[in-house]
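A short write-up of the structure that comes next.
Residue numbers (this note's numbering), protein chains in the order written: chain A, 1 to 254; chain B, 1 to 319.
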């Protein structure tokens, strides 16, 4: 178990760091705005367009619960993807750059524990943020449209979290391989865009993180969805990323 | 605990591309000593320390700490050491006390023992009053003292300090050296430094590195003795001009004396054989009827030895 030596202590440190550096409160606050703002935007789009367009008579469809959920998914996917990259970019690279990785890794700490604590904290921060966005979205959708399925919204939250965690994991690998947080962010951003483009092809898309969006929408609308393939693919991607990160980091010189 | 050396390196080599940072280092550090690692910039001191702490991997050879092979991802190794980097970096958002608690917990300390050790360590490094302040607001000297605190909080078998006095003011330096002296009782201390006077004050043994190679190592006293010149210094009591003149004349005539210099009333005598010369010299002093205030064999400073060895090493390398 020496590879995991120090895991419990380190995850507490990571979570404390998330709070003290305001990373957690800021991300949660922004996700709350996205979660609450999406159904609001969907509901008041006609009024906004009318106010801006004046007498031009631009036709706007009547807002529906589907539009609210689509808006939520789109906003969380775009904003959340970037946030996941920003959260993960400095996880390891910044610690190597600053020299704090050397401080910890000259203590009885397994490198797997060092990485594992960071990934777990990253996942928890994203989970908290997505949960707040999902709950906020559910409440405002219920107020402005109709009460959606709570279980379905929970499913949406889990799938959104998984897709964001996958982007974070890709950026995390880059952060482990490089000594620059900016380079890691660049790699994460290229992955975000590249996977978005690749997911336009349905046969490929359902194996990629963006492929989780369609089943998430179906679940939120109270219907059934085939989640086994996209969830399995996302989990495999996550595990592969963490495996690569560990294989590279365990022999790395600091 | 075994009786063997706490640090052993065998043919330890580290290359960075074409640069040989450390070249086949064979070194042993006995337990319970304060061990000075000396050398000019680029000598291989920090590379040696990075290999011992597992921050780097050797290109060839190996290093062991308390019988555990050194290398990355070896918590069994790190459990035995406390380490202070030459430029220690910390989490600015953390409080001083929290850092020591974190390190203590990583070393397995819990509860009252952890709290006790942390409080004691903060007092020992003079940071009790700043314990609840964020490290981001600490001065350079306070960070250095915190660095020492985190290295000693878990009472490691081996304490490795890389240039520990570099950013300390004279008072801080004096306190650190006193602390290192105290730690001798509980830990083995290896520290690298450029400040040779500090080494002379606290070290029992030294190793001198140059250009990645070990030039010499051994007990400090033996090293100073080995390189002591064959010169004796006589300090006669005042008011003996005639006796001293007679002594100088006798020494000038002796075949076991090479030179005699009188400067400010002090007589410096170079002899051919230090051991025999010392005895003969005392006989000559008695014969001349000179009363002495002082009689000593001149010992070199560590700086003299260092410059002589490193200079000679460079000359040989150039030849």
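Virtual Cβ for every residue (Gly too), placed ideally from N, Cα, C.
Opening and closing residue of the beta strand (DSSP E) in which residue i lies
i	result
residue 270(B)	266 to 271
residue 295(B)	292 to 297
residue 24(B)	19 to 29
residue 14(B)	7 to 16
residue 59(A)	Here residue 59(A) belongs to no beta strand (DSSP E), and DSSP marks it neither H nor E.
residue 191(B)	188 to 193
residue 169(B)	From DSSP, residue 169(B) is part of no beta strand (DSSP E); its letter is neither H nor E.
residue 206(B)	205 to 210
residue 92(A)	Per DSSP, residue 92(A) belongs to no beta strand (DSSP E) and is neither H nor E.
residue 3(B)	It is not in any beta strand (DSSP E) - residue 3(B) carries neither H nor E in the DSSP assignment.
residue 133(B)	Neither: residue 133(B) is in no beta strand (DSSP E) and is coded neither H nor E.
residue 215(B)	213 to 219
Chain A contact for residue i (CB, 8 Å cutoff)
i	result
residue 6(B)	no
residue 73(B)	yes
residue 56(B)	yes
residue 188(B)	no
residue 217(B)	no
residue 53(B)	yes
residue 102(B)	yes
residue 1(B)	Confidence is the limiting factor: at residue 1(B) the pLDDT is only 49, short of 50, which leaves the residue's position unreliable, though a coordinate-based value still follows. No - not a single Cβ of chain A is within 8 Å of the one on residue 1(B).
Proximity of residue i and residue j at Cβ, strictly below 8 Å
i	j	result
residue 64(B)	residue 133(B)	no
residue 109(B)	residue 149(B)	no
residue 102(A)	residue 51(B)	no
residue 53(B)	residue 83(B)	yes
residue 3(A)	residue 39(A)	no
residue 159(A)	residue 227(A)	yes
residue 208(B)	residue 310(B)	yes
residue 192(A)	residue 54(A)	no
residue 28(B)	residue 58(B)	no
residue 86(B)	residue 46(B)	yes
residue 62(B)	residue 10(B)	yes
residue 156(A)	residue 77(A)	no
residue 146(B)	residue 125(B)	yes
residue 221(A)	residue 208(A)	no
residue 150(A)	residue 138(A)	yes
residue 33(B)	residue 216(B)	no
residue 191(B)	residue 37(B)	yes
residue 21(B)	residue 44(B)	yes
residue 100(A)	residue 138(B)	no
residue 84(A)	residue 164(A)	yes
residue 18(A)	residue 121(A)	yes
Boundaries of the alpha helix (DSSP H) in which residue i is found, first to last residue
i	result
residue 227(B)	It is not in any alpha helix (DSSP H) - residue 227(B) carries neither H nor E in the DSSP assignment.
residue 257(B)	Note, residue 257(B): premise wrong, no alpha helix (DSSP H); beta strand (DSSP E) at 257 to 263.
residue 199(B)	196 to 202
residue 23(A)	23 to 53
residue 285(B)	274 to 288
residue 137(A)	111 to 144
residue 103(A)	100 to 105
residue 158(B)	Careful: residue 158(B) lies outside any alpha helix (DSSP H), inside the beta strand (DSSP E) at 158 to 162.
residue 232(A)	228 to 249
residue 202(A)	202 to 205
residue 12(A)	7 to 20
is_contact[residue i, chain B] using C-beta, thresh 8 Å
i	result
residue 17(A)	yes
residue 25(A)	no
residue 130(A)	no
residue 92(A)	no
residue 102(A)	yes
residue 6(A)	yes
residue 230(A)	no
residue 173(A)	no
residue 59(A)	no
residue 254(A)	yes
residue 109(A)	yes
residue 13(A)	yes
residue 20(A)	yes
residue 99(A)	yes
residue 106(A)	yes
residue 33(A)	no
residue 251(A)	yes
residue 9(A)	yes
(message) As an exercise, report each continuous beta strand (DSSP E) stretch of at least 3 residues that is fully enclosed by the stretch 37 to 123 of chain B, in chain order.
(response) 60 to 65, 81 to 84
(request) For the stretch 158 to 176 of chain B and the stretch 91 to 100 of chain B, state whether three or more C-beta atom pairs, one from each stretch, are separated by less than 8 Å. (result) The answer is no - the stretch 91 to 100 of chain B does not touch the stretch 158 to 176 of chain B, with fewer than three Cβ pairs under 8 Å.
(message) Can you confirm whether the stretch 173 to 183 of chain A touches the stretch 128 to 136 of chain A when touching is taken to mean that 3 or more C-beta pairs between the two stretches lie within less than 8 Å?
(response) no
(request) Specify whether the stretch 257 to 271 of chain B and the stretch 180 to 193 of chain B touch according to this definition: at least 3 beta carbon pairs, one from each stretch, less than 8 Å apart. (result) No, they do not touch.
(message) With three or more beta-carbon pairs closer than 8 Å as the criterion, would you say the stretch 252 to 259 of chain B touches the stretch 300 to 310 of chain B?
(response) no
(request) Count the CB pairs spanning the stretch 87 to 105 of chain A and the stretch 166 to 179 of chain A that are closer than 8 Å, and state whether there are at least three. (result) The stretch 87 to 105 of chain A, when compared against the stretch 166 to 179 of chain A, does touch it at the 8 Å Cβ threshold.
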